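A.B. asks: Going left to right, the sequence shown walks through residues 663 to 1248 as the numbering used here numbers them.
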Amino acid sequence: MLYQDLVKVYEALESTTSRLVMTDTLASLFRSTDCSHIKKIVYMTQGGIVPDFFPEKLGMADKLYLRTLLAATGANEAMVRKLWAEEGDPGKVTEKVFETKKQTTLFSEPLTLDRVYEALLRVARLEGSGSQETKMRCLADILHDAKPNEARYIARIVTGRMRLGVASQTVIDSLAVAFATKADKGAVERAFNITSDLGLVGETLCKSGIDGLNAMHVMVGNPIRAMLAERLPSPEEILERMGGRAMFEYKYDGLRVQAHITGDKITLYSRRLEDLTGQFPDVVKALREAFIGQTAILEGECVPVDINTGEMLPFQEVSHRRGRKHGLTEAIEDYPVRLHLFDCLYLEGEDLTMRSLPDRRTALTRCVKVTENVRLSEARVLDSTEKVQEFFIEALNAGCEGLMAKSINDDSVYRAGSRGYLWIKYKKEYRSEMTDTVDLVVVGAFHGRGKRGGVYGALLMATYNPEEDRFETACKLGSGFDDATLAILPERLSRFRQPSRHPLVESKMEADVWFEPSLVLEVLGAELSISPIHTCGHGHIRNGAGLAIRFPRFTGTFRDDKRPRDATTSQELMDMYNKQLKRVEG
Ligand code: AMP
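Structure (structure tokens):
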């Protein structure tokens, strides 16, 4: 196939904004194309050369492209730079440069689709030292034989600016029209959602028709597009929508990860289909230990944890692990993560995406041995709003965003790539932002782990309740301590040590070491939340629950000027909670 034939179609696509016209134009191109070319056309029309999840990426830097253009055409640099500044589009600039060149050059060999494709693939694959020169040569080679309109699209695709305005949905529609019927659009879409490879879907349709397409299954190595959730503001509405009963899971605040496992090889994909494997070797290792079997596709949420308090940390902490090329070992130590698995989409040769959630959960339970760093999502089948509300508060207290309600009916399949009511998120906020520091009393401590071995990993902190003359716990404090402070804390606290919980301390938590309430520290938290575990203001804001400070940090200030009974009171914390409560529907 000549590249010019594809370029003619591009020109037609660019001259319209009508999706219907685009669909028909593409459909007739597909129908008249040899099946061996479909993949390439699909990728290139969308501005790429491979499926999105492949590592090869185009997007040559403008500077390098400009150098190539000048070298390949011998054009006047000042003139090209001026054009570039005026047009801002490397495609148009290139075309204009080629139009002036036209009078003097004879086109030797017409470009074929294959030749352009191979050159682009090489450009994308070349990396390392000396690769720039080779990239320039590869590109110059095809530009040499390009006509002006061909050069326009070569320039655009190689610099990552194809922008024909052809969305995946338009390609899906055109493939259905070309090789099946409009009514088969849903089937084409599903094939794309489970393979994330529209080129492969097109080729399969071209070669084997709709039956071949319907026989497509999920494949280890091809990320499945994520199933997404709708949202509803109350447990009542959620239960009603779900038919009175559903599975509720903690909604973890982390990074969604899809793990593809075959034997020893494990690849991790993000929700946007990026390959995360290199950034999370610890997760790969943990999965290798936890997975029992040969092949699977598992899905879960990767959550940052504080190894000392065992608590989940804000999502931003995972971002320290993203996009790292150096210092990975340190990052793994400083920002450890835990994987909470919630779905099993493929197991030992069987595609489970069309099976119900209870079936998939059973498969997941069978193939995973729970370990320290690989766990299953906390899940409960519930049928009353009270129980949902209770579980919701438990989830918030554990550091989660809320709950995910999931249908457990027979039709509760995994709807790849679509948002619907089979999953409903419930994130109504019961949290209140904290802007002021508080002064809390140390009432207990927990032994440190990892880098904090030998010193305290976290302190149990309390507010003071003057009515009852009691110290009520509000958080575990593990952040904000430098090494010097950590080293002196055991000694500073040693004279207040108690053999068991001090009688003035109200705590539902078991500390490793107890203290007489004495030392006061200044603490800043991110927000206040309802907590069934902490005793501060217990029963005053919600039955059976107290208040907790989320993500507390020591400011570095010891309030030696304050006696324990001068510390922030439980009532003050409740007032802060009520004043700052944002009842945002999330
Ligand atoms: P949102 O990003 O607010 O639309 O919520 C959907 C996201 O919640 C998913 O993409 C997951 O990354 C995340 N999530 C956390 N916990 C779960 C869970 N138990 N089941 C499904 N998704 C979850």
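Built from N, CA and C at the ideal position, the CB exists for glycine as well. Just so it is clear, the structure is predicted and the values come from calculations on it, not from any experiment.
1) Rank Asn738, Val669 and Leu1181 by C-alpha distance to the C-alpha of glycine 753 and give the top, closest one.
2) Hey, quick one: how far does the beta strand (DSSP E) through proline 966 stretch, first residue to last?
3) Starting from glutamine 920, trace the beta strand (DSSP E) in both directions and tell me its first and last residue.
4) Do you know offhand how far leucine 890's Cα is from proline 1020's?
5) Does the separation of the CB atoms of asparagine 876 and alanine 849 fall below 8 Å?
6) Any residue with its Cβ nearer than 5 Å to a heavy atom of ligand 1 should be included. What is that list in chain order?
7) Decide if asparagine 970 is buried, meaning its Cβ has at least 16 other Cβ atoms within 10 Å, or exposed.
8) Let me know the secondary structure DSSP gives glutamine 1051 once reduced to three states.
9) Check for me: the beta strand (DSSP E) holding lysine 947 runs from which residue to which?
10) State the Cα-Cα distance for the pair leucine 1166 and valine 1104, rounded to the nearest angstrom.
11) Under the rule that 16 or more other beta-carbon atoms within 10 Å means buried, what is alanine 1136, buried or exposed?
12) Alpha carbon to alpha carbon, what distance is there between aspartate 944 and aspartate 667?
13) By how many angstroms is the C-alpha of glutamate 911 removed from the C-alpha of glutamate 1040?
14) Going by DSSP in three states, leucine 773 sits in which element: helix, strand or coil?
15) DSSP three-state label for glycine 1248, please.
16) Using only alpha-carbon positions, find the residue among Pro1152, Ala1060 and Ala853 that is nearest to glycine 871.
17) For valine 1246, does the count of other Cβ atoms within 10 angstroms reach 16, so buried, or fall short, so exposed?
18) Less than 8 Å between the beta carbons of alanine 1078 and alanine 1173, yes or no?
19) Put phenylalanine 1216 into one of helix, strand or coil per three-state DSSP.
20) Would you mind giving the Cβ-Cβ distance between valine 1182 and proline 1226, rounded to the nearest angstrom? I have them listed as a contact below 8 Å.
21) How about the segment 830–840 and the segment 740–751: do they share at least three Cβ pairs that are nearer than 8 Å?
22) According to the neighbour-count rule (16 or more other Cβ atoms, all chains shown, within 10 Å of its Cβ), is isoleucine 954 buried or exposed?
23) Out of Asp1098, Pro966 and Leu664, which has the shortest C-alpha to C-alpha gap to glycine 916?
24) For the segment 1115–1124 and the segment 1135–1155, state whether three or more C-beta atom pairs, one from each stretch, are separated by less than 8 Å.
25) Going by C-alpha to C-alpha distance, which of Leu930, Glu676 and Glu963 sits closest to arginine 950?
26) Here's the rule: buried if 16 or more other CB atoms are within 10 angstroms of the residue's CB, otherwise exposed. What is histidine 1196?
27) Please state whether DSSP places methionine 798 in a helix, a strand or coil.
28) Quick one: residues in its chain with C-beta nearer than 6 Å to the C-beta of leucine 1044, no 5 flanking neighbours on either side, listed in chain order?
29) Run through DSSP, which three-state label would arginine 681 get?
30) When the Cα atoms are used, what is the spatial distance from glycine 1248 to arginine 893?
31) For lysine 1089, does the count of other Cβ atoms within 10 angstroms reach 16, so buried, or fall short, so exposed?
32) Looking at C-alpha atoms only, which residue of Lys1068, Thr678, Gly972 and Thr843 is the closest neighbour of lysine 1138?
33) Should arginine 818 be counted as a contact of ligand 3 given a C-beta to heavy atom distance under 7 Å?
34) Nearest by alpha-carbon distance to lysine 844: which of Ile1203, Leu1190 and Thr685 is it?
C.D. replies: The structure says:
1) Position 91 of the sequence shown holds residue 753. If we check each option's Cα against that of glycine 753, Val669 comes out closest.
2) Mapped onto the sequence shown, residue 966 falls at position 304. From DSSP, the beta strand (DSSP E) with proline 966 extends over 957–966.
3) Residue numbering aside, residue 920 sits at position 258 when the sequence shown is read from its first letter. Run containing glutamine 920: 917–924, per the beta strand (DSSP E) assignment.
4) In the sequence shown, residue 890 corresponds to position 228, counting from 1. In the sequence shown, residue 1020 corresponds to position 358, counting from 1. Cα-Cα distance, rounded: 18 Å.
5) Residue mapping note: residue 876 aligns to position 214 of the sequence shown, counting from 1. Residue mapping note: residue 849 aligns to position 187 of the sequence shown, counting from 1. It is a contact, given that the beta carbons lie within the stated cut-off.
6) Glu911, Lys913, Tyr914, Arg918, Glu963, Phe1004, Ser1039 and Met1066
7) Here residue 970 corresponds to residue number 308 of the sequence shown, with the count starting at 1. By the 10 Å Cβ count, asparagine 970 comes out buried.
8) Reading the sequence shown from its first residue, position 389 is the one you call residue 1051. Here glutamine 1051 sits in helix by DSSP.
9) As a first step, residue 947 is located in the sequence shown; it is residue number 285 there, counting from the start. Counting along the chain, lysine 947 falls outside any beta strand (DSSP E), though it belongs to the alpha helix (DSSP H) covering 943–952.
10) Locating residue 1166 in the sequence shown gives position 504, counting from the first residue. Locating residue 1104 in the sequence shown gives position 442, counting from the first residue. Taking the CA atoms as reference points, leucine 1166 sits about 12 Å from valine 1104.
11) Position 474 of the sequence shown, counted from the first residue, corresponds to residue 1136. Buried: at least 16 other Cβ atoms inside 10 Å.
12) Within the sequence shown, the letter at position 5 stands for residue 667. Within the sequence shown, the letter at position 282 stands for residue 944. Straight through space, the alpha carbons of aspartate 944 and aspartate 667 are spaced by roughly 49 Å.
13) One-based indexing of the sequence shown puts residue 1040 at position 378. One-based indexing of the sequence shown puts residue 911 at position 249. Using only the alpha carbons, I get a separation of about 5 Å.
14) Mapped onto the sequence shown, residue 773 falls at position 111. DSSP places leucine 773 in coil when its eight states are reduced to three.
15) In the sequence shown, the residue the question calls residue 1248 occupies position 586. The predicted position of glycine 1248 is uncertain, since its pLDDT is 33 and thus under 50; a value taken from the coordinates is nonetheless stated next. Glycine 1248: coil per DSSP, three-state reduction.
16) One-based indexing of the sequence shown puts residue 871 at position 209. Per the Cα distances, Ala853.
17) As a working note, residue 1246 is residue 584 in the sequence shown. Residue placement at valine 1246 is flagged as unreliable, the pLDDT there being 38, under the threshold of 50; the coordinate-derived value follows with that caveat. Valine 1246 is exposed by the Cβ-count criterion.
18) Translated into positions along the sequence shown, residue 1078 becomes position 416. Translated into positions along the sequence shown, residue 1173 becomes position 511. The answer is no: Cβ separation not under 8 Å.
19) In the sequence shown, residue 1216 corresponds to position 554, counting from 1. Strand at phenylalanine 1216.
20) Reading the sequence shown from its first residue, position 520 is the one you call residue 1182. Reading the sequence shown from its first residue, position 564 is the one you call residue 1226. The Cβ separation is near 6 Å, so the contact holds.
21) no
22) As a first step, residue 954 is located in the sequence shown; it is residue number 292 there, counting from the start. When all chains shown are included, isoleucine 954 counts as exposed.
23) The count along the sequence shown starts at 1 and reaches residue 916 at position 254. It is Pro966.
24) yes
25) As a working mapping, residue 950 is identified with position 288 in the sequence shown. The residue with the shortest Cα to Cα distance from arginine 950 is Leu930.
26) For this step, residue 1196 is matched to residue 534 along the sequence shown. With 16 or more Cβ atoms within 10 Å of its Cβ, histidine 1196 is classed as buried.
27) Here residue 798 refers to the residue found at position 136 when the sequence shown is read from its first residue. The three-state secondary structure of methionine 798, taken from DSSP, is helix.
28) Sequence index remark: in the sequence shown, residue 1044 carries index 382 (1-based). Around leucine 1044: Phe910 and Val1050.
29) Against the sequence shown, residue 681 aligns to sequence position 19. Helix.
30) Locating residue 1248 in the sequence shown gives position 586, counting from the first residue. Locating residue 893 in the sequence shown gives position 231, counting from the first residue. For glycine 1248, the predicted structure reports a pLDDT of 33, less than 50, and the residue's modelled location is therefore unreliable. A value from the coordinates is still provided. Distance between the alpha carbons of glycine 1248 and arginine 893: 8 Å.
31) Position 427 of the sequence shown, counted from the start, is the residue given in the question as residue 1089. Under this definition lysine 1089 is a buried residue.
32) Here residue 1138 is taken as the residue at index 476 of the sequence shown, counted from 1. Among Lys1068, Thr678, Gly972 and Thr843, the Cα nearest to that of lysine 1138 is on Gly972.
33) For ligand 3, the structure offers nothing, since it holds only ligand 1.
34) For the purposes of this step, residue 844 is identified with residue 182 of the sequence shown, where counting begins at 1. Closest option to lysine 844, Cα to Cα, is Thr685.
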